């Protein structure tokens, strides 16, 4: 996963608690992670301290960084800076090739070009030291 560095991050930083920290740090290093249970095989995202299916300790697994748009909305009005500086923008639920769903912004194309089922790939923007925020863009090829 490509990491865009050197941009001035103006948005609030994500919560970097002990459960989420490995996810943000991996994204800053170019890896997209989700959790997988070694006991029952359940895959989950967002990160949690326990498997949501059986209560075991989940392990981190690396995703391919590829998926499809499951659903989305186009945000055309938002009064709070710095978000209004990016209007309009797409917030989407992405179904990873591994079956896990993540929420993120789709960039790299006109907002009206985004479609359900559209293939996308992840990239990350370095928001702070050891904090990368995943974004999505149309996949180059499948």
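Residue numbers (our numbering): 4 to 145. In this text, a Cβ means the ideal position worked out from N, Cα and C, and glycines have one as well. All of these numbers come straight from a predicted model, not from anything done at the bench.
Evaluate residue i with the Cβ neighbour count: other Cβ atoms within 10 Å of its Cβ, from every protein chain shown; 16 or more gives buried, anything less gives exposed.
i	result
residue 66	buried
residue 36	buried
residue 94	exposed
residue 97	buried
residue 34	buried
Do residue i and residue j have their C-beta atoms within less than 8 angstroms of each other?
i	j	result
residue 71	residue 123	yes
residue 85	residue 13	yes
residue 125	residue 139	yes
residue 4	residue 142	no
residue 24	residue 129	no
residue 3	residue 107	Past the boundaries of the shown model lies residue 3; the chain is included only from 4 to 145, so the question cannot be answered.
residue 47	residue 61	yes
Of all the options the options, which has the alpha carbon lying nearest to the alpha carbon of residue i?
i	options	result
residue 131	28, 112, 121 and 77	28
residue 16	141, 139, 135 and 140	135
residue 49	26, 68, 92 and 6	26
residue 74	64, 39 and 121	121
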